[in-house]
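The next block holds one structure in the form of structure tokens; read it before the comments.
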Amino acid sequence: MATKSSNAHKKQQVDDLITCSLCLNYFADPRMLPCSHTYCLQCIRQIAASNGGQFECPMRDGTRLETNHIDSLPINRAVRDMVDILPVVVDASDQNREATVPHCDECHLDAADLWCSDCDADYCRKCCDNLHKGRILSQHRRVPIEEKAAESKRCGFHHDEKIRFLCSCEALICRDCQHSKEHKGHTPALIDEVVLDITEKLTTEFKEAQKFLSQTKEQGNLLTSGNENPNTQSITQIFSALRKTIDDYEKKLKAQICTIEEKNTVLVDSYLASLVSKQVALSKHNEDFDKILLTKDHMQLLESKKKLTNYLEQLTKELKELKPPIKTEYRIDGVDQLEANINGTLQRAHIIEKRPGNSLAFSSFLDN
């Protein structure tokens, strides 16, 4: 486990990176010279003013600037951003490190000090030394636990280089890769810069997919309304008075209605089941995406981007193509006149299925 002194040393190293060597304060408006050295704009102005209107780089590399060229020096944005965020990050790291350091994979008691890339395991220093005493095991590559994440993401082609860029061909590459033949003419982007855009894009797409699915489910739920059929009750009341003569025919009409309703129920249930299945799948993918965000593992997010994007695009396509089932509707003709005209209308009373798009209606007719 790293000591407080080692943490202090690392903080000092960070401070050195963001401290102007002229005023010995954190950079204020850092400007980059043609020789790539960086100093505060005000420091450059002051030295030029005291040197007859000319600034000479303190590193004595031959770089000279006239006063009228000083304000046009480019801002060193990387240094400026480091000044803004690194002091906060270092303080937070000091406060939270105790809670984030993993335990030794061997003894499960002490905090891990080292990570072995060959074993792919975290060890306290004592267990690491005991396990790597042999001639072969002693050759394993071991790094401080704080460097595990960066070490485990080195380039597979250039082992001394870390993966830093996302190429326009979607490959994760190092600095050497971007100059290789395979990536000639491609446009690399810093991983830290593209991860935020990818995170926001996927987050938005998940929200849109959930919204689309919820709206589609609401439309599907509307199909279940009105399942209580008043026509069946009407038929029952009419045929009760004529039971002795029309009992068999009554059963036949009811059977037709039941068949239609069962077909409608099967269609609606199948449609809703499909939506439920898609909801389960979307929730699972969304949960996986949230877990990736919690790990703050940019590499895993980038590796999962294509899969998640393809899934969301496919889901959106399926939802657009998924149409609500068209329920078979019907009307009952000639039933309410059966009691007065039993013999004449019995053979004419039947169920008529409606064409899709027509509203449900109850009608009857009598022989003239």
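Numbering (this note's numbering), first residue to last: 61 to 428. Just so you know, even glycine gets a beta-carbon here, dropped at the ideal spot from N, CA and C.
{"Query": "Same chain only: Cβ atoms within 7 Å of Cys83, ignoring 5 sequence neighbours per side", "Result": "Cys100 and Cys103"}
{"Query": "Backbone secondary structure at Leu197 - three-state DSSP", "Result": "helix"}
{"Query": "Delimiting residues of the beta strand (DSSP E) encompassing Arg124", "Result": "Arg124 to Glu126"}
{"Query": "Reduced DSSP category for Leu133 - H, G, I as helix; E, B as strand; rest coil", "Result": "coil"}
{"Query": "Sufficient close CB pairs (3 or more, under 8 Å) joining the segment 231–241 to the segment 195–207", "Result": "no"}
{"Query": "Inside the segment 247–294 only - beta strand (DSSP E) runs reaching at least 3 residues", "Result": "none"}
{"Query": "Simplified DSSP state of Arg140, which is helix, strand or coil", "Result": "helix"}
{"Query": "Extent of the continuous beta strand (DSSP E) to which Ala181 belongs", "Result": "Ala181 to Tyr183"}
{"Query": "For Arg91, the three-state DSSP class (helix, strand or coil)", "Result": "strand"}
{"Query": "Residue range of the beta strand (DSSP E) that includes Val390", "Result": "According to the sequence provided, residue 390 is Tyr. The question's Val does not apply to it. First-last of the beta strand (DSSP E) with Tyr390: Glu389 to Asp393."}
{"Query": "Segment contact flag, the segment 263–280 with the segment 317–324, C-beta cutoff 8 Å, min 3 pairs", "Result": "no"}
{"Query": "Span separating the alpha-carbon of Gln360 from that of Thr98", "Result": "35 Å"}
{"Query": "Distance between Arg202 and Trp175 (C-alpha atoms, nearest Å)", "Result": "6 Å"}
{"Query": "Straight-line gap, Lys64 to Cys164 (C-alpha atoms, nearest Å)", "Result": "At Lys64 the pLDDT is 47, less than 50, meaning the model places this residue with poor confidence; the figure from the coordinates comes in the next sentence. Straight-line Cα distance between these residues: approximately 19 Å."}
{"Query": "Alpha carbon of His168 to alpha carbon of Leu191, nearest angstrom", "Result": "15 Å"}
{"Query": "Straight-line Cα distance separating Cys187 from Gln238", "Result": "40 Å"}
{"Query": "For His14, the residue or residues it bridges with in DSSP", "Result": "Coverage of the chain is limited to positions 61 through 428, which leaves residue 14 absent and any answer about it impossible."}
{"Query": "Beta-carbon gap between Ile251 and Leu362 smaller than 8 Å", "Result": "yes"}
{"Query": "For Ile78, the three-state DSSP class (helix, strand or coil)", "Result": "coil"}
{"Query": "C-alpha gap between Lys351 and Ala341, whole angstroms", "Result": "15 Å"}
{"Query": "Under the three-state DSSP convention, the category Lys222 falls into", "Result": "strand"}
{"Query": "Cβ separation of Arg140 and Phe87, assumed to be a contact under 8 Å, to the nearest whole Å", "Result": "7 Å"}
{"Query": "Buried or exposed (CB count within 10 angstroms, at least 16 for buried), Asn324", "Result": "buried"}
{"Query": "Per DSSP, cross-strand counterpart(s) of Glu315", "Result": "The sequence shown places Ala at residue 315, rather than the Glu named in the question. According to DSSP, which records beta bridges pairwise, Ala315 is partnered with nothing at all."}
{"Query": "Local conformation of Lys414 per DSSP, three classes", "Result": "strand"}
{"Query": "C-beta contact flag for Lys277 and Leu335 at 8 Å", "Result": "yes"}
{"Query": "Nearest-angstrom Cβ-Cβ length linking Lys387 and Leu332, presumed shorter than 8 Å", "Result": "About 13 Å separates the two Cβ atoms, so there is no contact after all."}
{"Query": "Unbroken alpha helix (DSSP H) run spanning Glu378, endpoints", "Result": "His358 to Glu381"}
{"Query": "Element boundaries [beta strand (DSSP E), containing Cys103]", "Result": "Careful: Cys103 lies outside any beta strand (DSSP E), inside the alpha helix (DSSP H) at Leu101 to Ala109."}
{"Query": "With 16 other Cβ atoms within 10 Å as the buried cut-off, status of Arg91", "Result": "buried"}
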